[in-house]
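Sequence lines, in order, name chains B and W. The first sequence begins at 337 in our numbering and counts up one residue at a time. The second sequence begins at 194 in our numbering and counts up one residue at a time. C-beta: ideal position from N, C-alpha, C; glycine also. Here the structure is a predicted model, which is why all the values come from computation and not from measurement. Worksheet for the structure shown next.
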Amino acid sequence: MLSFNLLIFVALSYVAILFIVAFAAERRAASGRDEWLRSPLIYTLSLSIYCTAWTFYGAVGYAARSGLEYLTIYIGPSLVMVGWWWVVRKLVRIGRAQRITSIADLISSRFGKSTMLGVIVTLIAVIGITPYIALQLQSISQSFEVFANRSDTPWQSGQLQAAALWSAAGLALFTILFGTRNLDANERHHGIVIAIAVEAVVKLCALVAVGVFVVWGIGDGWADTLARIDASPIARWEQSGGRWVGLIFLSAAAFLCLPRMFQVLVVENANEAHLATASWAFPLYLMVMSLFVVPIAVVGLDLLPAGSNPDLFVLTLPLSQGQDGLAVLSFLGGFSSATSMVIVATIALATMVSNHIVVPLWLWSRPMGATVSGDVRQMVLLARRLSIGGLLALGYVYFRLSGGSSALSAIGLIAFAGLAQILPAMLGGLFWRGATRTGAAAGLIAGFVVWLWTLFLPSFGLAEIFSPAMITDGPFGLGWLRPRALFGIEGLDPVLHTVLWSMALNTGLFVICSLLTFPTPLERLQGAQFVNVFEHSIEAGRWRQSAAAAEDLLVMAQRIMGPVEAQAVFQTHARAQGKAGYLPDVTPDFIDLLERELAGSVGAATAHAMVNQITEGANVSVEDLIAVADEAAQIMEYSNQLEAKSAEQDRTARQLREANEKLTQLSVQKDAFLSQISHELRTPMTSIRAFSEILRDGGMTGAEQQKYAGIIQDEAVRLTRLLDDLLDLSVLENGQVVLNRQTGSLRDLIDRAVGAAGLPATGIKVIRQRSDEAVVLHTDLDRLSQVFINLIANAQKYCVPPRPDVTAELRIQVKRIGPAMVVDFIDNGRGLRPEQQQVIFEKFSRLSDHGKAGGAGLGLAICREIMARLGGAVDYLPGQGGAAFRVTLPHLMAQDEALVAE
Amino acid sequence: MGQRPRPLFLARGTYRQRRLRDAARLLPLAGALLWMIPLLWPRGPDGQLVSVALLYIFGIWAGLIALAFVLSRGLRDDDDAPADEDD
């Protein structure tokens, strides 16, 4: 038989081992050898504080009473962790970016570093968690009682309470020792994390050991166990759908909102990558923890006498089978579950109480705040230690008051429902930039009040606080306010009733008030930083103009962070600014950084308030915001300019390419022309030379002489014409031409040009609309007719009809386009290809074979020069079927005859 | 402020990563849905056997854990551009 003293000895030894482990971990971390302390495995194990004594003992009791409903408590967190990409990842990133110290700090920081919200969340947490701590104390003392009752001297009630008291005192000591070593809550509590990781392993091993004993020791393997389950009182699926869904939601919400879960999940997180491991490892832990619950419950119901407390089956079952060693292991498992939860919960709550209630009160009580004397650091640490003691004392008082009677799981669910009130504000703050401080406060208060009225207060026992009349008729006879049937809806399960109404009112008010109110600039800024945390975060507070002396800030920071740390921060920043010494320039960047450093110790709201006391720049003015907006606008404008420039460069490059193409073609043309011109000059010169030689030699008839002299003269005329053309072009190009302005009729001019072009009878057929040609011209008519002649001659020379049976035609059309008169020369030939159109007006250009062309390719070049001198233009007109040239005569040159006649 | 348009199509590696994230987001929804199915079962004295329910619920659990394990291997956290929330 196991002696009770031995059990006490084992428990104390276990505690001593935990102390040693925690000390060793702290020492290792202090000497920098903490790689394995920061492993994803340790992180996952530390998450296991979700499984408290309520889970360890209570789950079996829960299963014995309500079948598989206990699984909802594990399914919710499993879903949250499996879906880490949705919420947990963002939460952790924000927690690290903003140096969040607790869930109250998260809400306060998100909604403009509001002190009020910090206080509200802290109050909800303290009121909700105190019974939970009491529950752990109760489970410790009850498990002691189980062993004591088996020894010779059964416990009196006084001894039970003494056990609880001693447990509370021991836990307070451990927590103060390892939980308040450093002020910066963002620094990991290595000792505590390792201790709870060890405890996580112990409780898992203990429960699995009991489970293995039940399945393979008492029973005969899985098949036998499943048969036993089917023969037990909980053999049939009787789960209420509402509770199934509601409790899964509740446990998922609590997993995110419980202060102790926030502490290990976000605050103690060393590396975001650990989440990836925890996403599957933590659900695995939960699954193993809940695997043996039903077998233990079923076998306990079967073997133990009727009326024994199912909450303690995990202990009493091994004891009843004479397995004392297993029972002690199981006791240690339960002990671990209770202590680890209490330790982390009190640290988290103490941080919240000291940062959001004590320090603001202290600041408020001194008008000069942090600038006057007094070591803030010691004050905050003291506040945190006192809070830890106070919270455990409160838990003990609650334990005494409630008499340690209620079923464990009921208290757990009540706490869950209370903490779940934070969920709307948290998720809203994380994902909705429109969420405002007023909305969050309204939702939190409404949900909290509904929870207090319908679930928390009635849980104290109906007779003491609520008279039976109030339950049945409502307060002051107001039936719609009955705690169990709000707004007259009866018949709901109490927990479900509370969750439904509180969440509906909470979320509803949160959304409506957020929609109706307008956030302060700081709220909007924080909102943007939280919601868009994955984008390149905009530095907060960069516009704050400050006249604060760096020395004042250093004095304050030393009091909060400690002299060494504060000086290190200041020195590092000064060096980054390129200054020697400890005092950097007080830039907005520096203030922002300092505020975040301080927030790691005392929370965002307090840090903000303290820094503002010194910098006196509490408000972000509209002008400041506009300045920031201007900056952004400037950047946008600059980028637009760059875009425009690049488009312009594209355009220029294209033009250059085109010019280059043209130049290359021209160069080819020029080469061709040179060979052509030498040929053109050489041919007549050769004949002139040959015939003049013949004439010189003499000895021929007069007729022959006549003929040869004629040939020589013809060739000389041809040479002269070529040289005339070149000269003419040169004169035109150099602007030396003298215009001989006359007045005449366009119709006469075209008549003359057609006549002068000397079209043969079989040549091209000219089609005119003579009535359109009633235009008076004031220009150099000879030059203009030279252009027309050239165009008509070109058509005659080059126009090849598409089919042999069609005669070549040239249409001369006169039109008015705007103020100008145009004369189009359009033939029905093949027209010009695009590359030909580009060079046709250049000098020396000749498109078809040389033999056919009578000239040296100067005609159109001359035309263009003439028209330019006259103030008009000649262009190629594409898309007319054949080759088409448009001569444009400006208004001054050409007017309708009818108008002139007036 | 979408002054810089995001690329419309992605390289194969980035594309795979995006789909992995989609899967990671969908996994809890699928799990929740599957865990709601027991609510359709008959209740009461002639209801579904608890042993069967246990096997079903723990089976889903194991499946979710295995899938989460596979996904956690592939998911990277590096290219968190603003485009993270969509494609």
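If you drop the 5 nearest sequence neighbours on each side, which residues of the same chain put their C-beta closer than 8 Å to that of residue i?
i	result
B:VAL428	LEU601, VAL602, ASN605, GLU608, LEU611
B:ILE512	ARG721, ILE724, GLY725
B:GLY1187	Confidence is the limiting factor: at B:GLY1187 the pLDDT is only 44, short of 50, which leaves the residue's position unreliable, though a coordinate-based value still follows. Excluding sequence neighbours, B:GLY1187 sits near nothing in its chain.
B:TRP372	ILE378
B:SER1023	ILE1047, ILE1048, GLU1051
What's the C-alpha gap between residue i and residue j?
i	j	result
B:LYS426	B:THR613	16 Å
B:ASP1232	B:GLN1174	33 Å
B:TYR468	W:TYR208	47 Å
B:PHE340	B:ILE436	45 Å
B:VAL1123	B:ILE1198	8 Å
B:ALA910	B:ALA904	10 Å
B:ASP1116	B:GLY1099	29 Å
B:THR707	B:LEU889	Low local confidence applies: a pLDDT of 48 at B:THR707 is under 50, so the model's placement there is unreliable, with the coordinate-based value given in what follows. Roughly 9 Å between the two C-alpha positions.
B:ALA893	B:LEU930	8 Å
B:PHE866	B:SER445	9 Å
B:PRO855	B:ARG769	10 Å
W:ALA261	B:SER615	7 Å
B:ARG1057	B:PHE1161	25 Å
B:ALA686	B:TYR410	27 Å
B:TRP580	B:ALA777	30 Å
B:ALA588	B:MET972	43 Å
B:LEU651	B:TRP573	27 Å
B:LYS1151	B:VAL1159	7 Å
B:GLU1109	B:ARG1119	18 Å
B:SER982	B:SER1011	44 Å
B:GLY547	B:VAL891	59 Å
B:TYR1134	B:GLY1154	31 Å
B:GLN657	B:VAL482	14 Å
Helix or strand or just coil, what does DSSP make of residue i?
i	result
B:THR1143	coil
B:ASP1232	strand
W:ALA216	helix
B:ASP1033	helix
B:LEU501	helix
B:PHE1161	strand
B:ALA1189	The predicted model places B:ALA1189 with a pLDDT of 45, which falls under 50 and marks its position as unreliable; any figure quoted below should be read in that light. Looking at B:ALA1189 - three-state DSSP - the assignment turns out to be coil, as it is neither helix nor strand.
B:VAL891	helix
B:ALA771	coil
B:GLN1216	strand
B:ARG572	strand
B:ARG1152	strand
If I measure Cβ to Cβ from residue i and keep anything under 6 Å in the same chain, skipping five residues before and after, which residues do I get?
i	result
W:LEU232	none
B:ALA840	none
B:LEU653	GLY636
B:VAL1241	Lying outside 337 to 1238, the shown extent of chain B, residue 1241 of chain B is not represented and no answer is given.
Where do the N-terminal and C-terminal ends of the beta strand (DSSP E) with residue i fall, by residue?
i	result
B:ALA756	Run containing B:ALA756: none; DSSP gives neither H nor E here.
B:LEU832	Segment 830–852 is the alpha helix (DSSP H) holding B:LEU832; no beta strand (DSSP E) there.
B:GLN1078	1078–1081
B:VAL1223	1220–1225
B:VAL1210	1209–1212
I need the boundaries of the alpha helix (DSSP H) containing residue i, first residue and last residue.
i	result
B:GLY1038	1038–1069
B:PHE667	660–689
B:ALA461	451–486
B:LEU611	610–627
B:HIS526	526–548
B:ASP921	Here B:ASP921 belongs to no alpha helix (DSSP H), and DSSP marks it neither H nor E.
B:GLU871	Counting along the chain, B:GLU871 falls outside any alpha helix (DSSP H), and DSSP gives it neither H nor E.
B:VAL650	649–656
Cutting at 7 Å between CB atoms, please list the residues of its own chain near residue i, excluding the five before and the five after it.
i	result
B:CYS593	ILE439, LEU755, ALA756, ILE758, LEU759, MET762
B:VAL624	LEU540, VAL544
B:GLU933	MET897, VAL905
B:MET1203	VAL1123, ALA1209, VAL1210, VAL1223
Looking at residue i and the ligand GDP, is the gap between the Cβ and the nearest heavy atom below 7 Å?
i	result
B:THR1079	Looking for the ligand GDP in the displayed structure turns up nothing, as the structure carries no ligands at all.
Starting from the N-terminal side, write out each stretch of the alpha helix (DSSP H) that is 4 residues or longer and does not extend beyond the segment 1093–1135 of chain B.
-> Taking only runs of at least 4 residues, the alpha helix (DSSP H) segments lying wholly in the segment 1093–1135 of chain B are 1117–1134.
Mind pulling the beta strand (DSSP E) runs of 3 or more residues that sit fully within the segment 355–407 of chain B?
-> List check, beta strand (DSSP E) in window: nothing returned.
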